[in-house]
Amino acid sequence: DGAQHATYIVHMAQSQMPSGFDLHSLWYDSSLRSVSQSAQLLYTYTNAIHGFSTRLTPEEADSLMTLPGVISVLPEHRYELH
Amino acid sequence: TTRTPLFLGLDVHNADLFPETGSSSDVVVGVLDTGVWPESKSFSDVGLGPIPSTWRGGCEAGTNFTASLCNRKLIGARFFARGYEATMGPVDESKESRSPRDDDGHGTHTSSTAAGSVVEGASLFGFASGAARGMARRARVAVYKVCWEGGCFSSDILAAIDKAIDDNVNVLSMSLGGGTSDYYRDSVAIGAFAAMERGILVSCSAGNSGPSSSTLSNVAPWITTVGAGTIDRDFPAVAVLGNGKNYSGVSLFKGDPLPDKTLPFVYAGNASNAANGNLCGPGTLIPEKVKGKIVMCDRGVNARVQKGEVVKAAGGLGMILANTAENGEELVADAHLLPATAVGEKAGDIIRHYVLTDPNPTASVLIRGTVVNVQPSPVVAAFSSRGPNSITPDILKPDLIAPGVNILAGWTGSKGPTGLASDARRVEFNIISGTSMSCPHVSGLAALLKSVHPEWSPAAIRSALMTTAYKTYKDGKPILDVTTGKPSTPFEHGAGHVSPTTAINPGLIYDLTTVDYLGFLCALNYTPSQIRSVSRRNYTCDPSKSYSVADLNYPSFAVNVDGSGVLKYTRTVTSVGGAGSYSVKVNSETTEVKISVEPAVLNFKEINEKKSYTVTFTVNSSKASRSNSFGSIEWSDGKHVVASPVAISWT
Numbered sequence: 574d575g576a577q578h579a580t581y582i583v584h585m586a587q588s589q590m591p592s593g594f595d596l597h598s599l600w601y602d603s604s605l606r607s608v609s610q611s612a613q614l615l616y617t618y619t620n621a622i623h624g625f626s627t628r629l630t631p632e633e634a635d636s637l638m639t640l641p642g643v644i645s646v647l648p649e650h651r652y653e654l655h
Numbered sequence: 034t035t036r037t038p039l040f041l042g043l044d045v046h047n048a049d050l051f052p053e054t055g056s057s058s059d060v061v062v063g064v065l066d067t068g069v070w071p072e073s074k075s076f077s078d079v080g081l082g083p084i085p086s087t088w089r090g091g092c093e094a095g096t097n098f099t100a101s102l103c104n105r106k107l108i109g110a111r112f113f114a115r116g117y118e119a120t121m122g123p124v125d126e127s128k129e130s131r132s133p134r135d136d137d138g139h140g141t142h143t144s145s146t147a148a149g150s151v152v153e154g155a156s157l158f159g160f161a162s163g164a165a166r167g168m169a170r171r172a173r174v175a176v177y178k179v180c181w182e183g184g185c186f187s188s189d190i191l192a193a194i195d196k197a198i199d200d201n202v203n204v205l206s207m208s209l210g211g212g213t214s215d216y217y218r219d220s221v222a223i224g225a226f227a228a229m230e231r232g233i234l235v236s237c238s239a240g241n242s243g244p245s246s247s248t249l250s251n252v253a254p255w256i257t258t259v260g261a262g263t264i265d266r267d268f269p270a271v272a273v274l275g276n277g278k279n280y281s282g283v284s285l286f287k288g289d290p291l292p293d294k295t296l297p298f299v300y301a302g303n304a305s306n307a308a309n310g311n312l313c314g315p316g317t318l319i320p321e322k323v324k325g326k327i328v329m330c331d332r333g334v335n336a337r338v339q340k341g342e343v344v345k346a347a348g349g350l351g352m353i354l355a356n357t358a359e360n361g362e363e364l365v366a367d368a369h370l371l372p373a374t375a376v377g378e379k380a381g382d383i384i385r386h387y388v389l390t391d392p393n394p395t396a397s398v399l400i401r402g403t404v405v406n407v408q409p410s411p412v413v414a415a416f417s418s419r420g421p422n423s424i425t426p427d428i429l430k431p432d433l434i435a436p437g438v439n440i441l442a443g444w445t446g447s448k449g450p451t452g453l454a455s456d457a458r459r460v461e462f463n464i465i466s467g468t469s470m471s472c473p474h475v476s477g478l479a480a481l482l483k484s485v486h487p488e489w490s491p492a493a494i495r496s497a498l499m500t501t502a503y504k505t506y507k508d509g510k511p512i513l514d515v516t517t518g519k520p521s522t523p524f525e526h527g528a529g530h531v532s533p534t535t536a537i538n539p540g541l542i543y544d545l546t547t548v549d550y551l552g553f554l555c556a557l558n559y560t561p562s563q564i565r566s567v568s569r570r571n572y573t574c575d576p577s578k579s580y581s582v583a584d585l586n587y588p589s590f591a592v593n594v595d596g597s598g599v600l601k602y603t604r605t606v607t608s609v610g611g612a613g614s615y616s617v618k619v620n621s622e623t624t625e626v627k628i629s630v631e632p633a634v635l636n637f638k639e640i641n642e643k644k645s646y647t648v649t650f651t652v653n654s655s656k657a658s659r660s661n662s663f664g665s666i667e668w669s670d671g672k673h674v675v676a677s678p679v680a681i682s683w684t
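So the sequences go chain by chain: A and B.
The numbering used here numbers the first residue of the first sequence as 574 and each following residue consecutively.
The numbering used here numbers the first residue of the second sequence as 34 and each following residue consecutively.
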C-alpha cells in the first residue's frame, strides 16, 4: 500500500477557511481527514505558499482536489544540485 | 574563493566601492543546499559585529550539529528532511547527518563562495592558493539543508523557503534545479515569487545541461538565472606521448609523479570486455591489460573521478581522459586519485589515434600546477545551460554568467575532494565546477549591492547586475563560447559576464513589482487557480486589458517573430544615478532587423525619476525557423552604460 502513496503539495485558498477554524493548519488537517484516515501533514506553509504537503494515494489526491478551498494538488518534484 | 575576487575587480582598489561599514555585515545570504561544515575557516566570525537585529533565524541541533556551532557569521542553520524521508525512508545516518551538517561538500562550497570570511593561505593541495573569501565577505550566512543523498525534494524546499522568509534573509541562493516545468508547477519558482515579494533577491543556477540549446532551469522572470564562465586561472597537466608529441590538459592530481619516462599506453576500449569499456566504468577494465600502464578513457556516463578510481583499482599507473564532442575543448580539473590529465576533444582524437595505431604506444602525464592570467577569459562553459527559454521564449535567459569553472571554496570534512567513498583524503577547500558555483557568486554580489543600496528591489539589483555586465574582452573582442570557439550569444551569456564594480553604480535600472509579475502571469493566460498557486492571492486579470509578455519591464529583449513584421516594446527606466541626459545607441547584427528607439534621448532631472521609451523592431525578411539574430540597446550619459541584449528568433 505504501507503494501507492506519493507526496503532494496542496495549495489552499487561505481566504476560504471556514469560520469554524482558528488556525489554517486545523482546517488543512480537517480537509485531509475527509479524504484519508491515515494521512499526516508533512509541512504546513504560510509564506512560500498557502497550503501543506502530505502523502496520499492518487485517488485521495483526486478527492482532495474536489474540496472547497483547494486550489491545486501537485505531485512533489525532485530537484538536483547543479 | 581565491582568484575570482581579483577577476571580478573586488580586490583592494575597489574596497572603496563596497564600504565595509555596518550595512555590509547586516545582509544575510540564505543558501538552500546540502548544509554547512561549521568548522570551516570560511565561517569564522572574527571582526564581525553583533548579529543584525532584524535577524529572526536560528540554529537547529541535530546529528553531529549543536546550536553552539553557529556564530556571528553562520547565523542560521536549519535542515528539512520530512519530504525526503517520506519518499526515501529515514536519512541513512551512517552516510549523512540528520542535521544542518554538510556531509557532501556542495553546500559548504556554495555558501562560502557567496559570503565566506577571508582565509589566508587557502588552497587545494597547493593548487589555486591565495586568500579565500566570499563575494560578500562580511555578509552573514544562513544555511537551509534541503538536499540529501537522494536529492532535494520540493516539499522540503518549500518549507525551507517558508522559513527563510520568516527568518528575514535578504538574498536566497539555490544551486539546484529540476528540469523545466511551468511556473505554477515549479516549487522553486513558486517559493521564489513569495521571496521576491518580501524584497528577497533569489539567485539560481541555470543548469549544467549545455551545450545543447533550450536546456535552462530556473527561468522564472522573478529569479536571477546564472550561467557559468571560466576565469583567468588554469591547472595545466601535459599528456606526453612516446612519439614526442605533448598535449595540454588539466589536472589537480597531487601525489608521487610518474617515473621520468613514458610508460606503456593502452586504450580502455581495448582493455575491457564491456561494450563501452572506453568509458572506464566500474569493473570494466581487465587488470592484466591495464596493470603498470597509462590508460586512455573517454568522458561520459560515469563521473570523471570515478574513471580514475577504476583505472587505479585495475592497476593502471595513470590516466588520460578525453573530452567528447559534447564537452569540446572545455577543461574541467579534478583532484584525481592517480596521475591523470583531462584533454580536449581535438587532442583526445589525436591521442586516441596514436594509441590505436602505434605498434608500441607509450605515454606519461606531467602535472604543472596553477597558472593565472589565462586568456581569453571568461569563456562560456560548455556545460552551462543555454537558451532560448523553453518555458517563456519571450523572456531572454540566462540573465548573465559568472565564474563557474574550477572554483576553489570551502569543503566538508566528511568527504575527500573527489567525493568518492574510496577517497580518504580530507581537505578544507576544494575545486569544483558547475552553474552551482556561478550562482553563489551572483548571490554574494547581490548581497554586496544590497548592502550599498538597501532600498533597491530584487529586480533593481538584478537589473544593475545585467545592464553593466560585459560582453567583450578588454581588447573589444566578443566573449567566446568554449563549445564553438566562436563568440557566444545572449542565449549563452545573457547580458554578459557580471561586473560588480560597475553594477554598484548602473545609472538607470529596470524595476519590476509584484503587480508587473502578476500581469506577466495574465499574459501567459494563467487561470485564476494557477495565478493563485504562484502568487497566493485571488488576482483577476483585467478583461479589458491586453496583456503581453513583451510588456514586462525586463532588462533584456527576446523577440520571437513569425516571418517578417514590426514589433513594439515599451520599457521604463529609473534614474538611480541622479540627473543626466542619456542617449541611446542600438546595434543589430543583421540589416534584416532594424531596431529604432523613441525618444533617442532621456533627460533625467533627479534621482529615481522614471522615463519610458519605445523600441520598434522592424524585421524585413523571413529567415528559416529557429534561426536567430542578435543586437543590443545601450543608453549612456557618458558616465554610465546601461546595456540590454536583444535576441531575435524566427519561429
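In this text, a Cβ means the ideal position worked out from N, Cα and C, and glycines have one as well.
For this session: Consult DSSP for B/Ala336 and reduce its assignment to one of helix, strand or coil.
Result: coil
Exercise. When we look at the beta-carbon of B/Lys345 and count the other beta-carbons within 10 Å, is it buried (16 or more) or exposed?
Worked result: buried
Problem set entry | Residue from B/Thr395, B/Trp70, B/Ile353 and B/His386 whose Cα sits closest to the Cα of B/Leu296 | B/Thr395
Exercise. In the segment 92 to 113 of chain B, which residues sit with their C-beta less than 9 Å from some C-beta in chain A, listed in chain order?
Worked result: Phe113
Exercise. Who pairs with A/Thr617 in a beta bridge, going by DSSP?
Worked result: DSSP links A/Thr617 through a beta bridge to A/Phe625.
Exercise. Of the residues A/Ala579, A/Gln589, A/Tyr652 and A/His584, which one's Cα is nearest the Cα of B/Ile564?
Worked result: A/His584
Exercise. Would the beta-carbon of B/Val172 fall within 7 Å of that of B/Ala435?
Worked result: The displayed chain sequence assigns Ala, not Val, to residue 172 of chain B. It is not a contact, given that the beta carbons lie outside the stated cut-off.
Exercise. How is B/Met121 classed by DSSP in three states: helix, strand or coil?
Worked result: helix
For this session: Determine contact between the segment 137 to 153 of chain B and the segment 198 to 218 of chain B, defined as no fewer than three beta-carbon pairs at a distance below 8 Å.
Result: Between the segment 137 to 153 of chain B and the segment 198 to 218 of chain B there are three or more inter-stretch CB-CB distances shorter than 8 Å, so the stretches are counted as touching.
Problem set entry | Unbroken beta strand (DSSP E) run spanning B/Leu399, endpoints | Thr395 to Ile400
For this session: May I ask you to report which of helix, strand or coil DSSP gives B/Cys185?
Result: strand
For this session: Run the CB neighbour count on B/Pro372, radius 10 Å, all protein chains shown included, and call it buried at 16 or more, exposed below.
Result: buried
Exercise. Comparing the C-beta of B/Ala555 with each C-beta of chain A, is any distance below 7 Å?
Worked result: According to the sequence as given, residue 555 of chain B is Cys; it is not Ala. Cβ-Cβ to chain A under 7 Å: no for B/Cys555.
Exercise. If you run the structure through DSSP and keep just helix, strand and coil, what is B/Val567?
Worked result: Looking at B/Val567 - three-state DSSP - the assignment turns out to be helix.
Exercise. Is the shortest distance between the beta-carbon of B/Gly467 and the beta-carbons of chain A less than 7 Å?
Worked result: So, interface residue.
Exercise. Can you round the beta-carbon distance between B/Thr684 and B/Asn593 to whole angstroms, since I take them to be within the 8 Å contact cut?
Worked result: Indeed they touch by this definition, with Cβ atoms about 5 Å apart.
Exercise. Residues of chain B with CB under 7 Å from A/Leu629, in chain order?
Worked result: Going along chain B, no residue has its Cβ under 7 Å from A/Leu629, so there is no contact; the nearest lies around 11 Å.
Exercise. Quick one: what does DSSP say A/Gly575 is sitting in, helix, strand or coil?
Worked result: Confidence at A/Gly575 is low in this model, with a pLDDT of 49, below 50, so its placement is unreliable and the value that follows should be read with caution. Helix, per DSSP.
Exercise. In the structure shown, what three-state DSSP assignment does B/Pro520 receive?
Worked result: strand
Exercise. What first and last residue would you give for the alpha helix (DSSP H) that runs through A/Trp600?
Worked result: His597 to Arg606
Problem set entry | Best match in A/His597, A/Arg651, A/Asp635 and A/Arg606 for proximity to A/Thr617 [C-alpha to C-alpha] | Nearest to A/Thr617 by alpha-carbon distance, out of A/His597, A/Arg651, A/Asp635 and A/Arg606, is A/His597.
Exercise. Going along chain B, which residues have a C-beta under 7 Å from A/Ala634?
Worked result: The contacting residues do not exist; A/Ala634 stays about 14 Å from chain B at best.
Exercise. In chain A, which residues lie less than 8 Å from B/Ala227 when you measure between Cβ atoms?
Worked result: Think of a sphere of 8 Å around the beta carbon of B/Ala227: the chain A residues whose beta carbon falls inside it are Asn620, Ala621 and Ile622, in chain order.
Exercise. Are the CB atoms of B/Leu441 and B/Thr99 nearer to each other than 7 Å?
Worked result: no
For this session: Kindly list, in the order they appear in chain A, the residues whose Cβ is closer than 7 Å to that of B/Gly596.
Result: Near B/Gly596 there are no residues of chain A at all, since even the closest Cβ is about 37 Å away, more than 7 Å.
Exercise. Between B/Ser208 and chain A, is there a C-beta pair that is closer than 7 Å?
Worked result: yes
For this session: Could you tell me whether any Cβ in chain A is nearer than 7 Å to the Cβ of B/Phe186?
Result: yes
Problem set entry | B/Cys180: contacting residues in chain A (beta-carbon distance under 7 Å) | Leu654
For this session: Quick one: give me the first and last residue of the alpha helix (DSSP H) that B/Ser484 is part of.
Result: Thr468 to Val485
Problem set entry | Whole-angstrom distance between B/Gly95 and B/Asn360, CA atom to CA atom | 41 Å
Exercise. For B/Asn661, which beta-bridge partners are listed by DSSP?
Worked result: DSSP lists B/Ser682 as the beta-bridge partner residues of B/Asn661.
Problem set entry | Within chain B, the residues that A/Ala586 reaches when beta carbons sit closer than 8 Å | Within 8 Å Cβ-Cβ: Arg565 and Asn571.
Exercise. Which same chain residues, not among the five before or five after B/Asp456, have their C-beta less than 6 Å away from its C-beta?
Worked result: Gly449
For this session: Would you kindly report the start and end of the unbroken alpha helix (DSSP H) that includes B/Cys313?
Result: B/Cys313 -> no alpha helix (DSSP H), and no H or E assigned at all.
Problem set entry | Residue-level contact to chain A via CB, B/Ser562, 7 Å cutoff | Using beta-carbon distances, B/Ser562 counts as an interface residue toward chain A, with a partner under 7 Å.
Problem set entry | With 16 other Cβ atoms within 10 Å as the buried cut-off, status of B/Val334 | That one is exposed.
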